[in-house]
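Q: Residue numbers (the UniProt record's numbering), protein chains in the order written: chain A, 1 to 280; chain B, 1 to 293; chain C, 1 to 264; chain D, 1 to 272. We treat Cβ as the ideally placed atom computed from N, Cα and C, and that holds for glycine. This structure is a prediction, so every number in the text was calculated from the model and none was measured. What follows is a structure written as C-alpha cells; I'll ask about it next.
If you want it as C-alpha cells, here you go:
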C-alpha cells in the first residue's frame, strides 16, 4: 500500500498543503456519538446521544456545564474534552471575578481555538481529538459555536457533530429558517428530531440515552419595576426522567414528520464503538 | 511534483540541493486553497476585503469575521488556514501592545509588518515547528498628527513626543503582505488566496500609484474585484467582508472599522451589476477575453 | 581647601557631604510606610434559633470620622449555583477592613460553588465552617482583617452560627456580635439570648438563686432582639447606623430584609 | 585640584562631598512607592436623574508647590465611562495607560451579534462602568496585597449592566463603595456634606435635574478652592448620560467672593 510520508506529525505539510495529523484528529470526532446544538433569539440548546459500553454499564456523559451561562457538548476523546472544559471553567471564573459579568462566549471560544492551534504547529504535540459544541448566552445574546481539533471555531445557527451527524445536519438545514424565532421547547424538539435522524435503525431515543442542555434568557422579570435587563436562565442539563416530557414531544413517530424527512437512510457504517472514545 | 520522494520535503528548515525549503512551499499551497483576500491602498486610506466561502448553510450569517483589528488603526486579513490566521492575529496584537508599552505610541504599519515578518520567518527555521499556512495582508493608517503622550502633564511645549521635522509629512495609509516564508513587501494593491491571479489583474488596472483613487471608490473596487475573483463554477456561495481605515478627518477617524452595511451593500450591488454587464459584453464578443491563468 | 566654596558657612572646618547625616539614618528616618489596613467600622450580629438562623449587619461604611457610604452590605449569601445566589443555603457576614472582607467572601463563595459543581449538592455549614477557618489561617502572617460569622442550618435542621477571629480560630455558638459595636451588643445578647444573670424570682438568696430556665427563642423574638440590639448600638457608636440588613435562614430558603436605622 | 579629564565639569568632592550613588544600588530590598509624589487633590461627583456629574481641578501639586496647572484628571473610557483620579499623578498615568490597553482590547470585538445591525447588543457586550469599577477594585486590591499600592483614590461614573447610573469609588487599599454622591480627599470633608444636602439618598438623586447637579458640583468646587490650599480655580467637569459623555477640561470658577477672607483673623501680617 502507498505509504503516506506526510502524516506522522502535525508539523509537516503535505505537497498539497494539508496537515494529515489534524485531519486524522478530526476523524476522532466522528467516532464519538452525535450531539446537536441550536440557537434561537432567546435560547441555545444542546442535545446528545449517550452511549453505554455494554448493556449493564452506565451511560457516558456528553454535556458539561462550564459556567452558569455556558455549556458544552462533546464528541471524541472525553479526556481531551475534560482538559478543555477545565480550562474554560477557569477562564469564566476568572472573568466573572474581575469584571462581574458573564464572559463573552466568543472570547471564550477563541481562547480554546488558539490553544488548539498551537498543538497543530509544534513538534511533539498532538491536536486535541475532540470536537465541541459550545452553547451560551452573554450580554449580546445566545450563541452556538463549533470547535474543531484544528483550532477552527465558528459561530453556527445550528450544528451537529459526531457519528452519523450528517443526517442531523441535513435536518437542521431543512428547518434553518424556523430556529431564530423558536421557543425554548420548540428548540429542544428540533434538536431531538435532528438527533433522531442520526440514529441507526431500530434505535430509539430513551430516557437513558438522551441528554438535553439548555441556556437562555428568561422572559422579563418584572420585580424591579422597569427592569430592562434580561435575566439569564443558567445552563442546565436534563438527564433520565427529566427528559421524558421532551421525548414525548417527538414520540409521534415518522407519520407526523410533515416536512418529509426524505427516505430513511440505510444503515451506515457503524458508530465505531471504541472504548476510549467518549468513555471515561 | 519533483519534490516528492526526494526526502528533502519531509521536514521544515531543510534545504534541498537546489536551495529550496519545500515545507514553506507546501505551506503556500495551503494559502492557495483559501478564499481570496485583497487589500487596496488609496490616497486617503486602506481597504481590506475577503471572500468568505460559505462551507455550510448552518454558519451564522455575518458572525464569523475574518478581518481582525490588531490595534485601533490596524487591520489584518489572511488567506489559508483559518486557525493559523487567528494565531497570526493574536501575535500581532501582542506586538502592538508591547510596542505601546515600550514607546507610548501606537505601532506603525511598517513596524508591525516587520515584526510579523520576523515571526513568520522564525517558523521556517526550526524542525520543531511548521511554517504558517497563511498569507496575511496588513493594512493601517499611521497617525499624521501628533498624539498626546500619556495624557501629557504640565505646561510644556505642546509638541507631542517631539523628534519630528515640521516640514516633513508623517504617517498615512500603508499596506503590506506577508507570506509564509516571512517575506513581506509594501503594496498599493495586494491579493492572495484562490483568486489572486484574477484579483491582481484587476488591481493592476486601477490607478493606485499615480493620482490614486478615493477610499469610497476603493471600497467599490474591492467589492468588484472579490466578485470577479470568485469562481462560481467551483465554489459555493460566498459572503463579502470588508473593512476600511481612513485618516483622522476621514470617515473612520483613523480607526480600523468594518465598512458600514449600507455602503457594503451598495458596493455589492455595483459589483454584481458590473459582472452582469461584462457577461453581456462577453456574449457579444463571443471570442471572450479570458484572464490568463 | 574650602576656599572654593561660595558658602560662608563652609569656611572654617571643612564640611564634607560624605559625613553629612544620611537621609536614612535612624534619627532622620522619615520613611512613609504603607499601611495596608484600615477599619471601615460597622457591626454584625448572628443568632441561631431552633430551626432558623438570623444574620444581621448595619450598612454603614466609614473611614475615620467620614461616612463613605450609607448602603454597603456586610451580610452575603454564599455558595449558590449562580451569581444571583438564588439557591444559596449559607450566609457569611464580615466586618473590619471592607476590602479584605469582600475578598474573603469571594474566596469562600468560589470554593462553595466548586464544591457544589463537583458533588452536586451544597456544602454543609459544618464543612464550610472548617474550610473558612483554613482560608483565614492560610493568611496567618498577612491576615484578612475581617471578623467573620458564618450562619446556616446544620444536618439536623437546627440553626448554626460559627464565629471567627481574623486568623481562623472559630467556634460554634448560639449567638455572636462582631465589629465596632460588638462589646455593646454582646452583653445584651448574653442576657437576652442565653438568659445570663436572669434568675427565678424568689428562688432563694445568693448561691441558692436559681437560673431562669433556658428555652429557644422564637423567630419573632429574635428579630425583635436584633432590631433592639442595633438601635442600641446606633445610639452609642458613631460607626454604626444608616441601615439594618437581616438575612433569615430557614429550611424554605433565605429571606432578606433591610430596615432603616438612624443616620446621625 | 583634580585635573583628570573625567573630573572636568563635576562638582568637587572636597567641596561638595563624594557623589552619592546609593540610589543606583540595586542590592538590598526592592523598594516601591512609599508615598505619593506629585498629587492631585479632591475629585467629586453626584448622581442626578439621567446620569452623573463629576469634577476635579486641573492642579498637580508637588508637596505644597503648585507644580502643574493643566493636568486633566478626568479620563473617559469607551465614551461611556468617566474615571476621576485623586492622588499620585504618575500612578494615574499608569492606570490611564492600562485602561487604554483595555479599550484597545475592546476594539477587537467589533462583531455584530444576533442581528447584524443590532448596535444595542454590541454596546451591551462592551465593558461598562460596572465592569470597570469592579476591575479597578481588583487591580488596586492586588497591588495593596503586594505592598506596592497605586497611590490613588478613584471615582468611576457611568452605567451598570442594568443600565442604571453607577457611581463608585476605589481607594489605594482596594476598598470600594458606591453612593449617590462621592468625594475623595478634602472633598470628603468639605464637599460631601453639601452634596448630601441635595442627594442624601438614591431617591433624592433621582429627582435632581442635570442643571441642579451641575450647580451643586460648581458650588462644591468653589468651596474646595476657598478652603483647600492644594486646589485650583481651573477645573474639568464631565457629565455622563446614556447619550454619552460631555467633558469640559478647562473651566474657570465663576463668581468667586473672597469677602469672607477679611473676617479671618490671626494669620500672616494681619495684626488686628
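Spatial neighbours of residue 247 of chain C within its chain, please: C-beta separation below 6 Å, excluding the five flanking residues on both sides.
A: Locating residue 247 of chain C in the third chain gives position 247, where the first residue counts as 1. The answer, listed in chain order, is 55, 75, 91, 254 and 256.
Q: For residue 209 of chain D and residue 147 of chain C, what's the separation of their Cα atoms in angstroms?
A: Walking along the fourth chain from the start, residue 209 of chain D turns up at place 209. Walking along the third chain from the start, residue 147 of chain C turns up at place 147. Going from the Cα of residue 209 of chain D to the Cα of residue 147 of chain C covers about 41 Å.
Q: Grab me the residues of residue 75 of chain A's own chain with a C-beta within less than 6 Å of its C-beta, minus the 5 sequence neighbours each way, in chain order.
A: The residue given as residue 75 of chain A occupies position 75 in the first chain. If we look at residue 75 of chain A and ignore the five residues flanking it on each side, its Cβ neighbours are 29, 32, 35, 131, 161 and 162.
Q: With distances taken Cα to Cα, identify the nearest neighbour of residue 230 of chain B among B:77, B:59, B:14 and B:34.
A: Along the second chain, one-based indexing puts residue 230 of chain B at 230. Minimum Cα distance to residue 230 of chain B is reached at B:34.
Q: For residue 172 of chain A, which residues in chain B fall below 9 Å Cβ to Cβ?
A: Numbered from its first residue, the first chain carries residue 172 of chain A at position 172. Simply 57 and 58.
Q: Would you be able to state if there are at least three C-beta pairs under 8 Å between the segment 46-63 of chain B and the segment 235-248 of chain B?
A: Yes: the two stretches touch, three or more of their Cβ pairs being nearer than 8 Å.
Q: For residue 99 of chain A, go through chain D and note every residue whose CB falls closer than 9 Å to its CB, in chain order.
A: One-based indexing of the first chain puts residue 99 of chain A at position 99. Under the 9 Å cutoff, chain D gives 127, 130, 131, 132, 134, 135 and 138.
Q: Return helix, strand or coil for residue 16 of chain C, following the three-state DSSP convention.
A: If you number the third chain from 1, residue 16 of chain C lands on position 16. Residue placement at residue 16 of chain C is flagged as unreliable, the pLDDT there being 44, under the threshold of 50; a coordinate-derived value is accordingly withheld.
Q: What does a CB cutoff of less than 7 Å around residue 129 of chain B pick up in its chain, not counting 5 residues either side in sequence?
A: Counting from one through the second chain, the residue named residue 129 of chain B turns up at place 129. Answer for residue 129 of chain B: 12 and 123, listed in chain order.
Q: Flag residue 208 of chain A as yes if its beta-carbon sits less than 7 Å from any beta-carbon of chain C, otherwise no.
A: If you number the first chain from 1, residue 208 of chain A lands on position 208. Chain C contact via Cβ: absent.
Q: Whose C-alpha, out of B:44, B:146, B:114 and B:218, is nearest the C-alpha of residue 38 of chain B?
A: In the second chain, the residue the question calls residue 38 of chain B occupies position 38. When each option's Cα is compared against that of residue 38 of chain B, the closest is B:218.
Q: Within the 7 Å Cβ cut-off, does residue 226 of chain A reach chain D?
A: Reading the first chain from its first residue, position 226 is the one you call residue 226 of chain A. Note that residue 226 of chain A scores 42 on pLDDT, short of 50, meaning its location in the model is unreliable; the coordinates nonetheless yield the value given after this. Residue 226 of chain A does not count as touching chain D.
Q: Between residue 30 of chain B and residue 81 of chain B, is the Cβ-Cβ spacing less than 7 Å?
A: For the purposes of this step, residue 30 of chain B is taken as the residue at position 30 of the second chain. For the purposes of this step, residue 81 of chain B is taken as the residue at position 81 of the second chain. Taking 7 Å as the Cβ cut-off, residue 30 of chain B and residue 81 of chain B qualify as a contacting pair.
Q: What's the gap between the Cα of residue 250 of chain A and the Cα of residue 182 of chain A?
A: Your numbering for residue 250 of chain A matches position 250 in the first chain. Your numbering for residue 182 of chain A matches position 182 in the first chain. Whole-angstrom Cα-Cα distance: 16 Å.
Q: Might you give, ordered along the chain, the residues of its own chain that have their beta carbon closer than 6 Å to the beta carbon of residue 133 of chain D, omitting 5 neighbours on each side?
A: Taking the fourth chain and counting its residues from 1, one reaches residue 133 of chain D at position 133. 156 and 168, listed in sequence order.
Q: Relative to chain D, which residues along the segment 51-68 of chain C have a C-beta separation below 7 Å, given in chain order?
A: Result list: 61, 66 and 68.
Q: Quick one: list the residues of chain C neighbouring residue 234 of chain A, beta-carbon separation under 8 Å, in chain order.
A: Residue 234 of chain A sits at position 234 when you count from the first residue of the first chain. The answer, in chain order, is 81 and 82.
Q: So is residue 68 of chain A in contact with chain C if we call contact Cβ pairs under 7 Å?
A: Stepping through the first chain from its first residue, residue 68 of chain A is reached at position 68. Output row for residue 68 of chain A: interface = yes.
Q: Taking beta-carbon pairs under 9 Å, can you tell me which members of the segment 88-118 of chain C lie near chain A?
A: Result list: 106, 110, 113, 114 and 117.
Q: With a cut-off of 8 Å, do at least 3 Cβ pairs link the segment 7-17 of chain D to the segment 203-220 of chain D?
A: Too few Cβ pairs lie closer than 8 Å, so no.
Q: Listed from N- to C-terminal order along the chain, which residues in the segment 107-126 of chain A have their beta-carbon within a distance smaller than 9 Å of any beta-carbon of chain B?
A: So the close ones are 110, 113, 114, 116, 117, 118, 120, 121, 122, 123 and 124.
Q: In chain A, what lies closer than 9 Å to residue 26 of chain B by C-beta?
A: Start at 1 with the first residue of the second chain, and residue 26 of chain B comes out as number 26. The contacting residues are 6, 12, 13, 14, 15, 16, 17 and 18.
Q: Going by C-alpha distance, which of C:258, C:239, C:252 and C:259 is nearest residue 68 of chain C?
A: Mapped onto the third chain, residue 68 of chain C falls at position 68. For the residues C:258, C:239, C:252 and C:259, the minimum Cα distance to residue 68 of chain C belongs to C:239.
Q: Starting from residue 46 of chain B and walking both ways along the beta strand (DSSP E), at which residues does that stretch end?
A: For the purposes of this step, residue 46 of chain B is identified with residue 46 of the second chain, where counting begins at 1. Start and end: 45-53.
Q: Quick check: is the beta carbon of residue 26 of chain A nearer than 7 Å to any beta carbon in chain B?
A: Residue numbering aside, residue 26 of chain A sits at position 26 when the first chain is read from its first letter. Output row for residue 26 of chain A: interface = no.
Q: Taking all protein chains shown into account, do 16 or more other C-beta atoms lie within 10 angstroms of the C-beta of residue 203 of chain B, making it buried, or fewer, making it exposed?
A: If you number the second chain from 1, residue 203 of chain B lands on position 203. Buried, because 16 or more other Cβ atoms sit within 10 Å of the Cβ of residue 203 of chain B.
Q: Helix or strand or just coil, what does DSSP make of residue 185 of chain B?
A: Position 185 of the second chain, counted from the first residue, corresponds to residue 185 of chain B. Correct three-state label for residue 185 of chain B: strand.
Q: Check the Cβ-Cβ distances between residue 36 of chain C and every residue of chain D, and say whether any is below 7 Å.
A: Counting from 1 along the third chain, the entry for residue 36 of chain C is found at position 36. Residue 36 of chain C counts as touching chain D.
Q: Distance, Cα to Cα, residue 57 of chain D vs residue 168 of chain B?
A: In the fourth chain, residue 57 of chain D corresponds to position 57, counting from 1. In the second chain, residue 168 of chain B corresponds to position 168, counting from 1. Looking at the two C-alpha atoms, the distance is approximately 37 Å.
Q: Hey, would you say residue 144 of chain A sits closer than 7 Å to residue 44 of chain A, going by beta carbons?
A: As a position in the first chain, residue 144 of chain A is number 144, starting the count at 1. As a position in the first chain, residue 44 of chain A is number 44, starting the count at 1. In this structure, residue 44 of chain A lies closer than 7 Å to residue 144 of chain A by Cβ.
Q: Indicate the three-state DSSP secondary structure (helix, strand or coil) for residue 297 of chain D in the structure shown.
A: Past the boundaries of the shown model lies residue 297 of chain D; chain D is included only from 1 to 272, so the question cannot be answered.
Q: Out of A:7, A:11 and A:4, state which residue places its alpha-carbon closest to the alpha-carbon of residue 131 of chain B.
A: As a first step, residue 131 of chain B must be located in the second chain, where it is residue number 131. Nearest of A:7, A:11 and A:4 to residue 131 of chain B, Cα basis: A:11.
Q: Put residue 178 of chain D into one of helix, strand or coil per three-state DSSP.
A: Working through the fourth chain from its first residue, we reach residue 178 of chain D at position 178. In this structure, residue 178 of chain D counts as strand in the three-state DSSP scheme.
Q: Using a Cβ-Cβ cut-off of 7 Å, state whether residue 186 of chain D counts as contacting chain C.
A: Here the question's residue 186 of chain D lines up with position 186 in the fourth chain. Not an interface residue.
Q: For residue 38 of chain C, I'd like the list of residues in its chain whose CB is within less than 8 Å of its CB, leaving aside the five on either flank, ordered along the chain.
A: Position 38 of the third chain, counted from the start, is the residue given in the question as residue 38 of chain C. Within the same chain, residue 38 of chain C has close Cβ partners 63 and 97.
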